[in-house]
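For my numbering, count along the sequence shown from 1 and bump the result up by 4.
By construction, the Cβ of each residue, glycine as well, lies at the ideal position given by its N, Cα and C atoms.
Reviewing the structure listed below.
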Amino acid sequence: MSLNEQNIFRTPSISAGNNPASFRDIEEILAERGIDVSYETIRRWVFKFGPAFAANIRSNRPLPPATWHLDEVFVRIGGKRTYLWRAVDDEGEVLEILAQSRRNKWAALKLLRKLLKKQGYVPGKIVTDKLGSYSAALRELGLAHLHVTGGRLNNRAEVSHQPTRRQERRMGRFKSPGSMQRFLSVHDAIYNHFNVQRHLNSRPTLRQTRAEAFAEWHQIVAA
């Protein structure tokens, strides 16, 4: 990785997934700091190095809690409706995302199989809304006894879509389901890393956890 590439990913305002920015925004931020690169170069670097950074982050994350929350949201791409399925844990950390064209049992099954394979264990509880696709998919997998629905139990998953919506608006919408999947797989991992729950922590604790997150990020980028 060149010095300019390292400088891009070491920049806190760019690295932190909490700050939605388009590639053109990043081009302007870097120009102010004396780094002259085009937004297209930045896009290529993100897709080249981002997956490796995301995998490194995931490998160092602790095992998620035993409750998973699943939800889906539609994203309009090229005039067509695409469903973005997402699984999060009790703390709102994103466990898996999957862009699909449908909202049926087979789409839910694909998400669940991918999630179970990636996490390597069966949770104690799976919380969803009342969409019938989840019930049918969990029965197919023999996990219907873990299924919980009702009330506001799935607010955690519904709120987890907000960073994606902000990023979507900032980028002027996603261009294809595949590019959305690739980008958000990286974005959500980095968002998890920098999501220090500032509303739950005192100011001294926030400063410490944020400093630790940036220190670890610099090690990941330099590797």
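* Asked: What's the call for Ala-112, buried or exposed, on a 16-neighbour Cβ count within 10 Å?
  -> It is buried - the Cβ of Ala-112 has at least 16 other Cβ atoms within 10 Å.
- Own chain, CB closer than 7 angstroms to Ile-224, minus 5 neighbours either side, in chain order: Around Ile-224: Phe-57, Asn-60 and Ile-61.
Open item on the list: According to DSSP, is Tyr-87 part of a helix, a strand, or is it coil?
Closed with: Tyr-87 carries a strand assignment under DSSP once its states are collapsed to helix, strand and coil.
Can you round the beta-carbon distance between Ser-137 and Arg-107 to whole angstroms, since I take them to be within the 8 angstroms contact cut? The beta carbons of Ser-137 and Arg-107 sit about 6 angstroms from each other, so the pair counts as a contact at 8 angstroms.
Report the three-state DSSP secondary structure of Ile-39 (helix, strand or coil).
Assigned with DSSP and collapsed to three states, Ile-39 falls in coil, not helix or strand.
Checklist entry - Taking C-alpha atoms, which residue in Ala-226, Lys-109 and Ser-206 lies nearest to Trp-89? => result The candidate whose alpha carbon is nearest that of Trp-89 is Lys-109.
Would you check if the stretch 118 to 126 and the stretch 207 to 224 touch, i.e. whether three or more CB-CB distances between them fall below 8 angstroms? Output reads no: the stretch 118 to 126 does not touch the stretch 207 to 224.
Q. Just checking, does the stretch 172 to 183 make contact with the stretch 25 to 42 on the three C-beta pairs under 8 angstroms criterion?
A. In short, these stretches touch, since the Cβ pair count reaches three.
List in chain order: all unbroken alpha helix (DSSP H) runs of 4+ residues lying wholly within the stretch 129 to 165.
Taking only runs of at least 4 residues, the alpha helix (DSSP H) segments lying wholly in the stretch 129 to 165 are 136 to 145 and 159 to 163.
Exercise. By a C-beta neighbour count over all protein chains shown, 10 Å radius and 16 as the cutoff for buried, is Ala-103 buried or exposed?
Worked result: For Ala-103, the number of other beta carbons within 10 angstroms of its own is at least 16, and it is reported as buried.
field: Where Pro-208 falls, given that 16 or more other Cβ within 10 Å makes a residue buried
entry: Exposed is the call here.
Just to confirm, are Asp-40 and Ile-101 a CB contact at a threshold of 8 angstroms?
Going by C-beta atoms, Asp-40 is not nearer than 8 angstroms to Ile-101.
For this session: Just confirm the distance between the C-beta atoms of Leu-150 and Leu-116, as a whole number of angstroms; I'd bet it's less than 8 angstroms.
Result: Going by Cβ atoms, the distance from Leu-150 to Leu-116 rounds to 11 angstroms, so no, they are not a contact pair.
For this session: Measure the alpha-carbon distance for Val-131 versus Val-92 and round it to whole angstroms.
Result: The alpha-carbon atoms of Val-131 and Val-92 are separated by roughly 10 angstroms.
- request: Taking the CB atoms as reference points, tell me whether Asp-133 and Asp-75 lie closer together than 8 angstroms.
  value: In contact: Asp-133 and Asp-75 (Cβ atoms closer than 8 angstroms).
Can you tell me which of the three DSSP states Leu-74 falls into?
-> Strand, per DSSP.
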